[in-house]
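Visitor: Got a structure for you, questions after.
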Amino acid sequence: MAEPQAAESALQAAPGAARILFVGDIVGGIGRETLLDCLPILRERHDPTFVVVNGENAAGGLGITPKNADQLFAAGVDAITLGNHTYHRREIYPYLDSNERIVRPANFLRSQPGHGTTVVEKGGLRLGVVNISGNLYLRAGRSAFTEIEVALGELRDVDHVLVDVHAEATSEKVAMGWHLDGRVTAVVGTHTHVPTADGRVLPGGTAYITDVGMTGPRGGVIGVKREQAIESLLTQMPVRFETSQEDPWLMGVLISCSTRLRADSIEQLLMPRPS
Ligand SMILES: [Fe+2]
Ligand SMILES: [Fe+2]
14 MAEPQAAESA
24 LQAAPGAARI
34 LFVGDIVGGI
44 GRETLLDCLP
54 ILRERHDPTF
64 VVVNGENAAG
74 GLGITPKNAD
84 QLFAAGVDAI
94 TLGNHTYHRR
104 EIYPYLDSNE
114 RIVRPANFLR
124 SQPGHGTTVV
134 EKGGLRLGVV
144 NISGNLYLRA
154 GRSAFTEIEV
164 ALGELRDVDH
174 VLVDVHAEAT
184 SEKVAMGWHL
194 DGRVTAVVGT
204 HTHVPTADGR
214 VLPGGTAYIT
224 DVGMTGPRGG
234 VIGVKREQAI
244 ESLLTQMPVR
254 FETSQEDPWL
264 MGVLISCSTR
274 LRADSIEQLL
284 MPRPS
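The number in our numbering is simply the position in the sequence shown, starting from 1, with 13 added.
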């Protein structure tokens, strides 16, 4: 048993050694409760240095309120990323400007509330977090592929960089992974709420996954009660959507690193809410 412990200490001692837990789109109260229930278990199991979550669906499935964000930060979340539902709740607008640790896509218009990058510090390590939106089927005022350069340029003296690419099209996310390979620690995809099976470290040392999935009810249709989603598709008429409460899971990834701006591994974490 002595050898693994020795290896573990060597990892901790290496410059840039870190573990980043990233959790996919938290959907509604059920998603927040699932995170709160799973996080202590994941902390004990994996001892993450940083915890970053996507919170764009935290408020009843659409958007996020200051109260929701405060709840996530109080649970020990270091940074929150968002996406196309960023502005669904008006009360979050001033919070997006005043709170450094919550980011909306960097390629939204400059005139829109909030900012697209942040740096969080833990145990002497600095993690840069960037949120960027795809341009296919999503409303983002500027190009993801030009604005990512500006966003990365805003990060100063960072040990690691995590990019949440919030996009519908797998092609945009795969392309962003290759585009940033060797320049950032991890590129993780969000938005579709369905985890993909392609997590890997790219040749340049960047951890990549096309979609992390969601933290919410698997019993619905990407978070919505399934009978309502099916009725909408069947009738082609407007239907009021509510968040499903059935079969909640946490979906995330753990990125392990021993060198600055490089990942050693990316592990998918798919976990039912403990009963
Ligand atoms: Fe989402
Ligand atoms: Fe989204």
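Virtual Cβ for every residue (Gly too), placed ideally from N, Cα, C.
1. Please identify the residue among G233, G68, P53, E46 whose C-alpha is closest to the C-alpha of D38.
2. Counting along the chain, where does the alpha helix (DSSP H) carrying A157 start and finish?
3. Using DSSP's beta-bridge definition, name the partner residues of E134.
4. Quick one: Cα of A23 to Cα of D60, how far?
5. For G73, which residues from the same chain have a beta carbon less than 7 Å from its beta carbon, with the 5 sequence-adjacent residues on both sides left out?
6. Quick one: give me the first and last residue of the beta strand (DSSP E) that Y150 is part of.
7. In whole angstroms, give me the CA-to-CA distance for P126 and V143.
8. So, using beta-carbon positions, are A276 and T198 closer together than 8 Å?
9. Would you call the segment 127-138 and the segment 179-196 touching, i.e. three or more CB-CB distances under 8 Å?
10. Look up G184 in the DSSP assignment and say whether it is helix, strand or coil.
11. Going along the chain, which unbroken runs of the alpha helix (DSSP H) with 4 or more residues stay wholly within the segment 219-280?
12. Could you have a look at F121 and say whether DSSP puts it in helix, strand or coil?
Guide: If we stick to the structure as given:
1. G68
2. 157-166
3. For E134, the beta-bridge partners assigned by DSSP are R139.
4. Only weak support exists for where A23 lies, its pLDDT of 48 falling under 50; the coordinates are left without a value.
5. If the five residues before and after G73 are omitted, its C-beta is found closer than 7 Å to the C-beta atoms of G41, T256, all from its own chain and listed in chain order.
6. Looking at the DSSP string, Y150 is not in any beta strand (DSSP E), and its letter there is neither H nor E.
7. 16 Å
8. yes
9. no
10. The question names Gly, but residue 184 in the sequence shown is Ser. S184 falls in the helix class under three-state DSSP.
11. 239-248
12. Coil at F121, not helix or strand.
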